[in-house]
Every structure is written in C-alpha cells, then in structure tokens.
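2 protein chains.
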Amino acid sequence: MPPSRPSSLASVTAPQGFTAAGGCCGIKKSGRPDLCLIAADRPCSAAAVFTTNQFKGAPVLVGMKHLNDRGYGTAQAIVCNSGNSNVATLAAGGFEHAVQMCAAAAELVGCDPHEVLPASTGVIGRPLPIEKITAGITSLKPDLGRGEQYDIAAAQGIMTTDLVEKATLRTFELDGKPCTIGGIGKGSGMIAPSMATMLIFFTTDAAIAPAVLHTALQQANAASFNRISVDSDTSTSDTVYILASGAAGNALISEPKGASYETFVAALTQACQALAEQIMVDGEGATRTFEVHVKGVGSLLDADKIGRAVTDSPLVKTAIHGCDPNWGRLVMASGKAGVELNPATFTVKIQGTTVFENNTPTVTQAGPLAELSEKMQADRVVIELDAHQGDAQAVWLGCDLSRQYIAINADYTT
Amino acid sequence: MPPSRPSSLASVTAPQGFTAAGGCCGIKKSGRPDLCLIAADRPCSAAAVFTTNQFKGAPVLVGMKHLNDRGYGTAQAIVCNSGNSNVATLAAGGFEHAVQMCAAAAELVGCDPHEVLPASTGVIGRPLPIEKITAGITSLKPDLGRGEQYDIAAAQGIMTTDLVEKATLRTFELDGKPCTIGGIGKGSGMIAPSMATMLIFFTTDAAIAPAVLHTALQQANAASFNRISVDSDTSTSDTVYILASGAAGNALISEPKGASYETFVAALTQACQALAEQIMVDGEGATRTFEVHVKGVGSLLDADKIGRAVTDSPLVKTAIHGCDPNWGRLVMASGKAGVELNPATFTVKIQGTTVFENNTPTVTQAGPLAELSEKMQADRVVIELDAHQGDAQAVWLGCDLSRQYIAINADYTT
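Residue numbers (this note's numbering), protein chains in the order written: chain A, 1 to 414; chain B, 415 to 828.
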C-alpha cells in the first residue's frame with residue numbers, strides 16, 4: 001500500500017512556546033522545499049540521539065558539540081536543510097558550513113549560535129551551497145508562525161524522496177497541566193549517490209531538565225527507532241532532536257523516575273513509535289509492514305537480537321512481500337541471532353495462526369496455507385515468536401523487500 | 415553473468431582411496447538426480463564444520479553425533495539426498511530417518527553406521543520419503559566408481575536450484591608424495607518453502623590425524639566460507655565434511671603446525687576458496703560478484719566485521735548491481751560495523767581508482783564517474799578499504815542484489 005498522509009499534521013508548534021517555518025533556498029533542482037526552522041521563544045532543555053556510524057556528517061558533529069558532547073544541554077532552535085547532507089565534506093569546509101547555518105538561525109531567533117542544533121539530509125559528498133542556505137534561513141523570518149500550516153511547511157522542508165510528510169502529536173497531563181509533544185520526521189530517501197537518512201525533530205512544552213530529557217529520549221528511542229529496519233543499514237546522518245520549553249507550567253521533572261517522568265516517557269515513546277511507523281510505511285519500495293513480537297526470552301537484549309535478525313533478514317522480507325507463511329525463514333532468522341534457543345519450545349504464529357511448534361510445522365495442507373497467505377495480503381502482518389524460556393519481550397517493525405527497492409537503489413544515474 | 419561450469423569437474427574421487435556415485439530415487443518430481451554417495455576404501459580421518467544456527471536439521475544433529483560432538487573422528491562415507499532437507503521433521507521421525515540413511519550407506523560400503531556422515535538439502539518441514547531414499551542408496555552399488563563421470567554424478571546429486579555443478583581439485587606434495595584434495599559443493603538454492611543451504615564435501619588422500627584435520631578445516635573455513643555473503647542469512651543445514659584416506663603415503667600429520675601441516679592447510683584453503691567463489695557466482699539472482707579487501711585495521715576480527723558489514727549491506731549490493739561507484743555506501747557500511755575508524759585516514763578504492771580519502775570524495779566529475787561505472791560492469795568488482803590504522807587484513811566476497819533475487823524468494827506458490 002502506498003503510504004497515506006496522516007489526517008492531521010499538527011505537530012511541532014502545537015506545544016506552547018514554539019514557532020516553525022519551511023522554505024525553498026534553491027538546493028533542490030526541483031524547486032521543492034529544502035529548509036526547515038523550529039524556533040523556541042526562549043532557551044529550552046535539549047537532548048539528542050545521533051547515528052552510531054563511525055562516519056558522521058558535519059551537522060552531526062556540530063550538533064554533538066552544541067550539546068556538550070554528552071547529548072544534552074540548552075538550545076533554542078533546530079535548523080535543517082534537505083537536498084544536501086553535508087556528509088564527507090570536511091575538506092570542503094563542511095564543519096564550518098554547519099556552524100554558519102547555526103549562526104544564521106541564531107541571528108534570526110535571537111540566541112547564541114551554540115544554542116542552535118543543525119541537521120542536513122540529501123546528496124552526500126558535495127559541498128553545501130552555504131550562501132544560498134544562509135540567505136534562505138535569514139529570509140524565513142516572516143514565515144515563522146504557529147499552527148498546522150507552519151508544521152506542514154517545516155515537515156516538507158526536511159523531505160527528500162519521502163512520499164508523504166511525517167508528523168505526530170501526543171497530549172498528556174503533568175501536575176494537572178495539559179502538556180503536548182509534537183514531532184516531525186523524514187525516513188529513508190534516496191538521492192544518488194546517497195543513503196537512507198532518518199531525521200526526527202520533537203518539541204514539547206513540558207518542563208524537564210536536560211539530562212533527564214536525554215534519558216527519556218534514549219529510553220523512547222530504544223523502544224521505537226532502534227526497533228525498525230528498512231534494510232539493516234545505518235545512515236551517517238541519523239539524528240533525533242528534542243526541545244522542551246517548559247511553557248506548560250508543570251513542576252520541573254528533575255529525575256529520571258517518578259510518576260511525571262513515567263508519564264512523559266510514555267508519551268514520548270508513543271510519539272517516537274508513531275513516527276517510526278510512518279517511516280516504515282514509507283520505506284523504500286515497501287508494499288507492507290510487519291510486526292515481530294518476540295516473547296519468552298531471557299532478556300530484553302536477546303529479544304532485540306532476535307527482533308533485529310528477523311526484520312533485517314532479506315529472506316524474511318521477501319517472504320512477507322510474497323505473502324508466504326514461511327515459518328522456515330522465521331525460524332532460520334531467529335536461530336542465527338546469537339541467542340541460545342530450544343527448538344522444542346519455540347513457537348511461531350503468523351496473523352494469529354500457529355505455524356510452528358514442537359520443532360514441527362503445523363499448517364502443511366494446501367488449503368490452510370493458501371488461506372493464511374491470503375491473510376498476509378494485509379497492509380500489516382503480525383508475527384509472534386515465543387521461545388517459552390523467559391519473560392522478556394520486544395516488538396520490532398519491518399517492511400518487505402520488493403523489486404522497487406532494487407530499482408530505487410540500483411537504477412539511477414550517478 | 416550466468417555462472418559457467420568449471421572446465422573440469424574431477425574432484426572427490428581424484429584422491430586415492432575414494433569412489434563416488436550419484437542417482438535418482440524419486441524425491442524430486444522433476445526426476446533429476448537426488449542422491450550422492452562418497453565412499454572410502456577404509457575408515458578415514460574425518461572432520462566437519464556445521465551451521466551455527468540454533469535450529470539444526472536432523473542430518474546435522476546425526477553428523478555431529480557421529481563425529482563425537484566435537485567435529486572430528488573416523489568415517490568411511492558421506493551420504494546425501496537433495497529435494498528434502500529433513501529440517502523441522504523431528505516429530506515426524508527426522509532424526510531416525512537420518513540414522514536410517516547412514517545404515518543403508520553403511521551396509522553398501524561395509525562399515526559401521528556411525529562411520530557414515532549424512533546430509534540433506536531441499537524442501538524443509540516435510541517428512542523424508544525414507545523408503546525411497548534407503549532403496550535408492552542400496553541401488554547405488556553398481557554406480558560407484560572412480561573418475562570424473564562419478565564426480566559429476568555425485569556433484570549433481572546434491573544440487574537443488576544451483577545452475578551449475580560445483581567442484582574443485584588441488585594437488586600438492588607432502589614428504590615427496592603427491593597428494594590431492596577434491597571437493598564438491600552446492601550453494602544457495604530455493605525450493606519453496608525453503609532456504610539457502612550450503613553443502614561441501616571434501617576428500618583427500620593425505621594422511622592427517624582427525625583432530626588436526628578438524629583444526630585445518632576450521633582454519634580454511636574461516637578464510638573462505640565464513641567470508642562470503644549472498645544475503646546475510648544462515649541456513650539450518652550448512653555443512654562441510656572432509657574425509658582423509660591417508661592413501662598418499664605421507665608421514666601422518668599429527669600436529670597443527672610444521673611444514674606439512676601448513677602445506678595441507680594452504681591447499682585446503684585454496685580448495686575452500688574455489689568452491690566459495692563458485693557458490694557466489696551462482697548466488698541467487700547474482701549478476702556479478704565483488705571482492706572486499708579490508709586492510710589496515712587493528713585485528714583480523716575487525717577486518718572480518720567490516721568485510722561482513724560491507725558484503726551484507728543491501729545498499730552496497732544494489733550499488734554494485736547498478737554499477738554505481740558509490741563510496742558513500744561503502745563508507746556507511748564500514749562505519750556501522752562496530753569497529754572504531756578514523757574517517758580522516760580511511761581510503762576507498764573501486765577497481766583500482768581511489769574514490770575517497772581525507773574524508774572527501776576524490777572522483778566527482780561526471781566524466782571520470784561514468785568511466786569508473788563502466789569498469790564496474792565487469793563480472794568481478796574489486797573494492798579496497800584501507801583504515802591505515804593497523805596491519806590486519808581480510809578479503810571477503812559478495813554478490814550483487816538484483817530483482818531476480820526478489821523473484822526467486824518472493825514469487826513462488828507455497
């Protein structure tokens with residue numbers, strides 16, 4: 001199924017204290033939007049998680065520095081361009097260019113350049129057209145505002161070959177005060193010669209200390225963006241930023257525990273999962289997605305190892321594409337995950353039907369197999385893998401592997 | 415390029431002391447060969463390496479038992495059927511069926527059933543038609559012989575959807591005596607609902623103690639079959655067997671060191687690499703293969719991590735398919751391997767041309783890029799990744815990812 005646009009794109013300016021803008025500065029030959037700015041009225045608690053890839057884009061390096069090389073601190077704006085990822089451009093001044101983007105945004109917002117978090121996505125290895133970008137950022141001033149139209153403009157400014165905008169909104173209460181988390185994201189897109197990049201920007205009006213915000217983001221990230229796999233590859237630009245304005249007026253969350261913290265983490269996790277889901281549905285060449293519920297293993301680490309092995313597996317992904325209830329590939333992928341498993345207690349369900357138990361397939365006749373295959377033509381396939389040897393569990397999300405993925409990633413002119 | 419048949423298929427009966435046969439017992443509806451027997455004149459030193467998958471086929475479990483659960487011992491025959499992998503059939507008597515295959519082969523060869531090493535490949539999850547198979551094995555007696563026609567029959571008996579037979583032969587000298595290693599293999603094939611399986615059977619007339627043979631096989635395996643990736647998935651049936659008759663008359667190699675041992679390991683490694691190469695060229699949907707030379711890292715472990723990450727990467731595989739000199743994906747895949755790397759010293763060459771150094775792409779103009787892309791249309795693409803931070807190196811072998819892979823693995827009726 002082609003991804004559909006979320007019914008509402010209200011997102012990053014829904015929390016109190018934020019404005020946003022999108023615009024075009026001419027990086028993309030198509031003339032499509034290529035700039036995004038999210039600005040807070042005052043300095044916010046800020047946190048981030050970045051790609052673990054050893055090769056990091058210049059904006060990642062600058063963002064890390066602006067968050068004191070520990071992933072959290074204070075910031076007042078996020079600035080991002082699409083169309084050029086500013087990766088592998090250090091010799092061409094890439095680091096300085098990312099700094100200049102921050103400076104331009106800082107001047108507009110009225111904050112210190114160190115309080116701006118930068119990101120870039122798009123073609124890699126080409127010098128950033130920095131004059132166009134800084135001029136473009138400066139010209140965004142009249143476009144800044146609050147409301148869904150501004151959220152949409154911001155979400156469009158970070159798209160590469162995403163088919164639809166990605167946005168989410170979660171509301172909750174802290175100390176009787178209504179709080180909001182809004183987020184926009186972009187998923188795997190391809191601009192030759194480039195690679196998939198995931199960018200996620202959140203805002204919230206909850207009051208929460210920087211270090212605690214970082215812990216919450218890591219926790220939410222582990223249960224969402226770290227549990228999806230389009231193609232098992234890790235971009236050099238992946239970034240999640242969050243700004244917390246505190247404008248909601250709740251008592252500052254100053255420790256990573258307690259009821260308020262748990263409420264906040266739960267809302268942030270849901271917001272992360274909603275964007276993770278949108279990214280998978282818009283995965284390169286994806287025609288359907290599949291959930292992998294790993295259950296009954298000894299530790300969360302083991303659950304994640306199996307979840308990753310199964311969602312990464314090309315043989316599983318092609319079976320999902322072909323609507324094939326192929327328990328063999330699910331068993332194979334689970335068994336290679338580096339987790340000790342007992343085949344005798346391992347069970348596999350597809351769309352609610354048990355297909356493997358007692359080390360034996362349970363649906364073997366043509367009729368029931370065809371019926372199950374038909375059920376797999378759904379947009380979402382649910383796979384349950386239960387090792388029956390412990391209490392830990394995790395849910396991963398994958399997408400199928402189609403000819404279109406090959407077409408997107410092999411058939412373009414360099 | 416479609417794989418071509420090796421010019422000579424002389425292999426497992428070239429070493430002194432072995433006969434082989436292939437035959438049809440009716441497992442495959444197509445009527446194609448589905449049985450293979452390799453018999454030694456007398457008990458041999460024997461060793462094996464098996465799949466590390468937690469879910470193992472019944473023949474793997476029996477083979478492990480016959481080699482004393484330590485991977486080496488004494489054996490006089492290898493028996494294999496294709497068309498049914500005897501995986502996930504324990505409830506249907508799969509283990510006993512593998513034992514019965516050994517018993518039938520033992521009676522024919524005149525040895526103890528424990529001295530037979532079994533293997534099966536093909537459809538999984540279906541009970542083995544054991545009567546057909548044991549009758550078929552018994553009827554192979556008049557078909558056993560020495561010479562290339564027997565080697566070909568044996569090689570054909572283990573094929574599933576391999577396009578060509580796979581065989582290799584290496585000669586060397588120990589103590590002035592001519593020695594030979596012969597081997598046959600099969601690679602990734604697909605019979606719905608099934609999975610890729612690699613089977614390799616070697617014979618040699620060198621005299622070498624079982625435990626030492628095992629060490630040699632592990633060493634050769636690490637530098638060959640453990641350095642290839644068609645699709646990053648690990649079969650539940652992968653098996654490499656070797657029988658050493660000692661008929662060459664060299665002084666028994668009784669320790670894993672010394673000149674004779676090194677000579678033997680070198681020959682066995684070459685034989686493994688030759689079959690590994692044939693398997694990759696015949697990989698599912700492969701149109702070309704690529705070597706990844708990882709250099710200048712701190713340890714062999716690190717070299718292997720990078721080699722695996724690059725040959726597993728769908729984005730690298732699709733770039734190779736599209737003849738795209740995409741240094742970005744090579745850098746990305748290297749950077750996610752879990753090895754600490756310094757982008758400033760990392761260099762990338764494709765077909766001998768440096769495309770990335772000083773954290774910057776070096777070929778950026780349309781003309782040279784097109785020229786390099788043309789060079790990548792070769793059957794073999796050579797990629798060199800040098801971290802310039804150590805002395806360890808390893809060579810991995812991958813194949814490209816094409817629509818045909820999707821077609822093979824998604825479009826079949828269950």
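Backbone N, C-alpha and C define an ideal beta-carbon position, used for all residues, glycine too.
Keep in mind the model is a prediction, meaning the values are calculated, not measured.
Buried or exposed: which applies to residue i, given that a residue is buried once 16 or more other Cβ atoms fall within 10 Å of its Cβ?
i, result
"glutamate 340(A)", "exposed"
"glutamate 545(B)", "exposed"
"aspartate 716(B)", "buried"
"leucine 729(B)", "buried"
"glutamine 791(B)", "exposed"
"glycine 31(A)", "exposed"
"alanine 780(B)", "exposed"
"glycine 390(A)", "exposed"
"proline 193(A)", "With a pLDDT of only 41 at proline 193(A), under the threshold of 50, the placement of this residue in the model should not be trusted; the figure read from the coordinates follows. Label assigned to proline 193(A): buried."
"arginine 308(A)", "buried"
"glycine 536(B)", "buried"
"serine 313(A)", "buried"
"alanine 251(A)", "exposed"
"glycine 752(B)", "exposed"
DSSP three-state call for residue i: helix, strand or coil?
i, result
"valine 355(A)", "strand"
"lysine 750(B)", "coil"
"glycine 94(A)", "helix"
"valine 730(B)", "helix"
"glutamate 416(A)", "This structure gives no information on residue 416(A), because the portion of chain A shown stretches from 1 to 414."
"valine 265(A)", "helix"
"arginine 743(B)", "helix"
"asparagine 482(B)", "coil"
"phenylalanine 586(B)", "strand"
"serine 245(A)", "coil"
Between residue i and residue j, what straight-line distance do the alpha-carbon atoms span, to the nearest angstrom?
i, j, result
"valine 395(A)", "glycine 328(A)", "20 Å"
"glutamine 351(A)", "valine 297(A)", "21 Å"
"glutamine 570(B)", "leucine 554(B)", "14 Å"
"phenylalanine 469(B)", "glutamine 273(A)", "32 Å"
"glutamate 107(A)", "methionine 159(A)", "25 Å"
"phenylalanine 290(A)", "threonine 318(A)", "12 Å"
"alanine 267(A)", "arginine 170(A)", "6 Å"
"glycine 63(A)", "alanine 801(B)", "26 Å"
"glycine 182(A)", "valine 381(A)", "28 Å"
"alanine 104(A)", "alanine 21(A)", "14 Å"
"proline 420(A)", "phenylalanine 172(A)", "Because chain A spans 1 through 414 in this model, residue 420(A) falls outside it and cannot be assessed."
"valine 363(A)", "threonine 354(A)", "8 Å"
"valine 310(A)", "threonine 345(A)", "18 Å"
"glutamate 529(B)", "threonine 552(B)", "17 Å"
"serine 45(A)", "alanine 690(B)", "54 Å"
"lysine 407(B)", "leucine 449(B)", "Chain B is shown from 415 up to 828; residue 407(B) falls before or after that span and cannot be answered."
"leucine 243(A)", "valine 706(B)", "42 Å"
"methionine 332(A)", "asparagine 500(B)", "14 Å"
Can residue i and residue j be called in contact, C-beta distance under 7 Å?
i, j, result
"glutamine 490(B)", "cysteine 525(B)", "yes"
"isoleucine 736(B)", "serine 816(B)", "According to the sequence provided, residue 736(B) is glycine. The question's isoleucine does not apply to it. No, Cβ-Cβ distance for glycine 736(B) and serine 816(B) is not below 7 Å."
"histidine 428(A)", "leucine 67(A)", "The structure shown does not extend to residue 428(A), since chain A is modelled only from 1 through 414, so no value can be given for it."
"aspartate 175(A)", "glycine 17(A)", "no"
"leucine 372(A)", "proline 343(A)", "no"
"threonine 365(B)", "leucine 558(B)", "Residue 365(B) falls outside the range modelled here, since chain B spans only 415 to 828, and no answer is possible."
"alanine 91(A)", "threonine 761(B)", "no"
"valine 473(B)", "alanine 533(B)", "Checking the displayed sequence, the identity of residue 473(B) turns out to be proline instead of valine. A contact, by the Cβ cut-off of 7 Å."
"alanine 625(B)", "tyrosine 486(B)", "yes"
"leucine 117(A)", "tyrosine 241(A)", "yes"
"leucine 627(B)", "valine 708(B)", "no"
For the ligand PLP, any of its heavy atoms closer than 6 Å to the Cβ of residue i?
i, result
"histidine 66(A)", "Because no ligand of any kind appears in the structure shown, any question about the ligand PLP cannot be addressed here."
Using a Cβ-Cβ cut-off of 7 Å, state whether residue i counts as contacting chain D.
i, result
"alanine 394(A)", "Protein chains in the displayed structure are A and B, and chain D is not among them."
Closer than 7 Å, Cβ to any Cβ of chain B: which residues of the region 397-410 of chain A, in chain order? Leu401, Ser402, Arg403, Ile406, Asn409 and Ala410
Taking any Cβ of chain A, which residues in the region 449-472 of chain B have a Cβ under 9 Å from it, in chain order? Thr465, Thr466, Asn467, Gln468, Phe469 and Lys470
Near-chain B residues of the region 350-372 of chain A (beta-carbon distance less than 9 Å), N- to C-terminal order: Phe356, Asn358, Asn359, Thr360, Pro361, Thr364, Ala366, Leu369, Ala370 and Leu372
Listed in chain order, which residues of the region 333-344 of chain A have Cβ atoms closer than 9 Å to some Cβ of chain B? Ala333, Ser334, Gly335, Lys336, Ala337, Gly338, Val339, Glu340, Leu341, Asn342, Pro343 and Ala344
Under 8 Å (Cβ pairs) to chain A, residues found in the region 718-741 of chain B: Asp726, Ser727, Pro728, Leu729, Thr732, Ala733, His735, Gly736, Asp738, Pro739, Asn740 and Trp741
Which residues, in order along the region 676-703 of chain B, keep a beta-carbon less than 7 Å from a beta-carbon of chain A? none
Residues of the region 124-136 of chain A with Cβ closer than 9 Å to any Cβ of chain B, in chain order: Ile124, Gly125 and Arg126
Within 8 Å of chain B by C-beta, residues of the region 63-96 of chain A in sequence order: Val87, Ala88, Thr89, Leu90, Ala91 and Ala92
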